Amino acid sequence: MAFRFALVGNPNCGKTTMFNEVTGSTQHVGNWPGVTVEKKEGKARRFKEDIKVIDLPGIYSLSPYSLEEIISRNYILEERPDVVINIVDATNIERNLYLTTQLIELGIPVVVALNMMDALEARGDQIDIPRLEKQLGVPVIPTSANKAHGTKELIEQTLQVAQNAASGQLAESITLFEEKIEKSLEKLSELITPMLGQMYPPRFATVKLLEGDEIVTANIKMNHKLIEAIRATRDQLEQEYDNDMETIIADQRYQFISKVVSKSVKKKLSVGGLTV
Ligand code: GDP
Ligand code: K
Ligand code: MG
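All letters in the sequence shown, in the order written, are residues 1 to 276 by the numbering used here.
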């Protein structure tokens, strides 16, 4: 079988280092159609399976505000890689997991490569990998791409996830937001799902319509009832949380992340500059 894996992550998390290590001399570098953003594709070497790997532009979120975000988001949604390999800089885990929460929400297969583990260990911090996996609901593979550590395991695990997905096995779903918001999303999602076809995963579409994402809004044919329901849900949540919808959702992501980090990351204690 042939598979396609997409490398997705924040700028400077080590995507290209990982890509180079995995693909070696098989890589092909071009541009994305119509723009001068680099497009890199290659094959995973040292594997008998036919695995195509693509290095997507670095992004902080799946919002449609920058060229990089639009390219990466469109690739994931339209080209549907078999698995998204989310490269996370372990030394900057809070910020990097913001994108992770959005990738997990797509309901497509995701594997986290927890990269820069060498740097994390050098500063004396620790991450409980099984705990992190459980909280995120996806496999987490520790890597140091610059030393080729964990990269073989990463591709092996990703291959396993791709094969499982091909035979219909999906990851367990996790709860990201507060129950009140989850309930509203669920209710709205029932109205949205019939309008989607294969275009967007329902959870993604629901969050984006609530946030007022212009591209998603323009692409979904909505009847009056749905437009009203979106407006009513947004009004209600904005009033309850006394904030705008995008900020409410972002806050929910950060709350989830801070729970995850407090349970799985152990920082080396230091008091007044002294390590204790
Ligand atoms: P990209 O922007 O995500 O493509 O990131 P790059 O692959 O260009 O890497 C950014 C920087 O991090 C480079 O200096 C890499 O050499 C370095 N780097 C990548 N992976 C690791 C790693 O696992 N550990 C350490 N210490 N440095 C890394
Ligand atoms: K870079
Ligand atoms: Mg790069």
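Just so you know, even glycine gets a beta-carbon here, dropped at the ideal spot from N, CA and C.
Please read these numbers as outputs of a predicted model, since none were measured by experiment.
Asked                                                                                                                                                             : Found
Going by C-alpha distance, which of Q198, E246 and E214 is nearest E78?                                                                                           : Q198
Let me know if K263 comes out buried or exposed under the rule of 16 or more other beta-carbons within 10 Å of its beta-carbon.                                   : exposed
For P109, does the three-state DSSP call read helix, strand or coil?                                                                                              : coil
Can you tell me which of the three DSSP states N10 falls into?                                                                                                    : coil
Among residues of its own chain, excluding the 5 on either side of H28, which ones have a beta-carbon nearer than 6 Å to its beta-carbon?                         : E41
For T143, count neighbouring Cβ atoms within 10 angstroms of its own Cβ and tell me buried if that reaches 16, exposed if not.                                    : buried
Mind checking whether the beta-carbon of T16 lies closer than 8 Å to any heavy atom of ligand 1?                                                                  : yes
Along the beta strand (DSSP E) that carries H224, what are the first and last residues, could you check?                                                          : Note, H224: premise wrong, no beta strand (DSSP E); alpha helix (DSSP H) at H224 to Y241.
Taking only three categories from DSSP, how would you classify P142?                                                                                              : strand
Go ahead and label R80 buried or exposed: buried means 16 or more other beta carbons lie within 10 angstroms of its beta carbon, across all protein chains shown. : exposed
Grab me the residues of Y60's own chain with a C-beta within less than 7 Å of its C-beta, minus the 5 sequence neighbours each way, in chain order.               : N10, Y98 and L99
Just checking my contact of I93 with V265 at CB under 8 Å: how many whole Å lie between their CB atoms?                                                           : 6 Å
Roughly how many whole angstroms lie between the Cα atoms of V84 and A166?                                                                                        : 14 Å
Sorted by chain position, which residues of the same chain lie with C-beta nearer than 8 Å to L196's C-beta, five sequence neighbours on each side aside?         : P202, A205 and I220
Quick check: is any heavy atom of ligand 3 less than 8 Å from the C-beta of D55?                                                                                  : yes
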